[in-house]
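Q: Residue numbers for the sequence shown follow our numbering, beginning at 10 and rising by one. Before I ask anything, let me first share the structure, which is written out below as structure tokens.
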Amino acid sequence: MRIVLVGPPGAGKGTQAAFLAKNLSIPHISTGDLFRANISQGTELGKQAKAYMDAGNLVPDEVTIGMAKDRMAKPDAENGFLLDGFPRNVSQAEALDVALKADDVKLDAVLDLEVPEDEVVKRIAGRRICRKDSSHVFHVTYSQPKQEGVCDVCGGELYQREDDSEDTVRKRLEVYHTQTEPIIDYYRTQGLVVTISALGKVDEVTERAMDALKGDK
Ligand code: AP5
Ligand code: MG
């Protein structure tokens, strides 16, 4: 399956993607995680992305689209993938369509996670992620690690993302509404959008998402 996950910052895209990718045996591809890995490795791409991310803005398309396409071209993504955080504006969605068409494949669904803004703010405020791998995500109350400050998956140190400060979150939400939400309409015209509520426990949301993807909402 080829799936795009969409939803505001803090909706639980990364959290759900980990379970959905496992259930569906497809790789979880998060452009945010790819940028953070580049930043921690000190690459040129990471240096370019950091200032945009810290300000809550989108990294320019010239950088992002190439990075996403390179990752999708890896052998593990040949039969499907779960995109998290890409595409994030209409021009990225158009570039993805062109790339998929060139490979003679299509998206199966765009899963839209709906969460009220006050809940998103609570989720982001308590989020802690792993320094070794930013796809390992926890929450100080909703999803506590067994040992405070330590990643259950790999033992890495947990920390608060630099862009999770109040001001940057406000900016990221604004960018989501103005630049990312329009892709929902873009995909709606292609009949691909499946909207679910992302409220409730993590496993309840996963179940809802799996049902929606199977078409028996
Ligand atoms: P990115 O890393 O994609 O951030 P985001 O879209 O803002 O989304 P988040 O990762 O903040 O939230 P999430 O939905 O994954 O929630 P999570 O599962 O962690 O992007 C960061 C930046 O990179 C962007 O601002 C931009 O600069 C750049 N970038 C990335 N992609 C780009 C692109 N395509 N183009 C240009 N720039 C790009 O959950 C949040 C918290 O809630 C966690 O603590 C979790 O434990 C908790 N939680 C999750 N589910 C539940 C639940 N059901 N109940 C209670 N708590 C829950
Ligand atoms: Mg995420």
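Glycine included, C-beta positions come from ideal geometry on N, C-alpha and C. Bear in mind that the values here come from a model prediction, so they are computed numbers and not experimental data.
1) Compare the C-alpha of V228 against each of L109, R140, V72 and K131 and name the closest.
2) DSSP three-state call for L208: helix, strand or coil?
3) So, with DSSP's three-state summary, where would you put S34?
4) Taking R132 as the reference, give the member of A27, E175 and G55 with the closest Cα.
5) Taking DSSP as the reference, what is the three-state secondary structure of F147?
6) Pick from G94, E183, I138 and V211: whose alpha carbon is nearest that of T40?
7) When burial is assigned at 16 or more other CB atoms within 10 Å of the CB, is R217 buried or exposed?
8) With distances taken Cα to Cα, identify the nearest neighbour of V149 among V159, S143, E190 and K141.
9) Between D142 and G165, what straight-line distance do the alpha-carbon atoms span, to the nearest angstrom?
10) In angstroms with no decimal places, state the Cα-to-Cα distance between S144 and T198.
11) Does the separation of the CB atoms of M62 and E171 fall below 9 Å?
12) If we call anything under 9 Å between Cβ atoms a contact, is I138 one with Y168?
13) Taking buried to mean at least 16 other C-beta atoms within 10 Å of its own C-beta, is R179 buried or exposed?
14) Just the Cα atoms here: how many angstroms apart are G209 and F28?
15) Quick check on D42: buried or exposed, where buried means 16 or more other Cβ atoms within 10 Å of its Cβ?
16) Rank M81, T73 and A118 by C-alpha distance to the C-alpha of S100 and give the top, closest one.
17) Taking A231 and F44 to be in contact with their CB atoms under 8 Å, please state how far apart those CB atoms are, rounded to whole angstroms.
18) Residues in its own chain within less than 7 Å of P17 by CB, not counting five upstream and five downstream?
19) Give me the Cα-Cα distance between T24 and A64, rounded to the nearest whole angstrom.
20) Tell me, which residues are paired with C139 by DSSP?
21) Which two residues bound the contiguous alpha helix (DSSP H) that contains F44?
A: Reading it off the structure:
1) A query on residue 228 cannot be resolved here, the shown segment of the chain reaching from 10 to 226 and no further.
2) Under the three-state reduction of DSSP, L208 is assigned to coil, being neither helix nor strand.
3) coil
4) E175
5) strand
6) The candidate whose alpha carbon is nearest that of T40 is G94.
7) By the 10 Å Cβ count, R217 comes out buried.
8) Closest by C-alpha distance to V149, out of V159, S143, E190 and K141, is V159.
9) 8 Å
10) In a straight line, the C-alpha of S144 is about 31 Å away from that of T198.
11) yes
12) The beta carbons of I138 and Y168 sit closer together than 9 Å.
13) exposed
14) 15 Å
15) buried
16) Ranked by Cα distance from S100, the options M81, T73 and A118 are led by T73.
17) Nothing about residue 231 can be reported from this structure: the residues present for the chain run from 10 to 226 only.
18) V124, V129, L182 and Y185
19) 23 Å
20) L167
21) It spans T40 to Q50 - the alpha helix (DSSP H) in which F44 sits, taken as one unbroken run.
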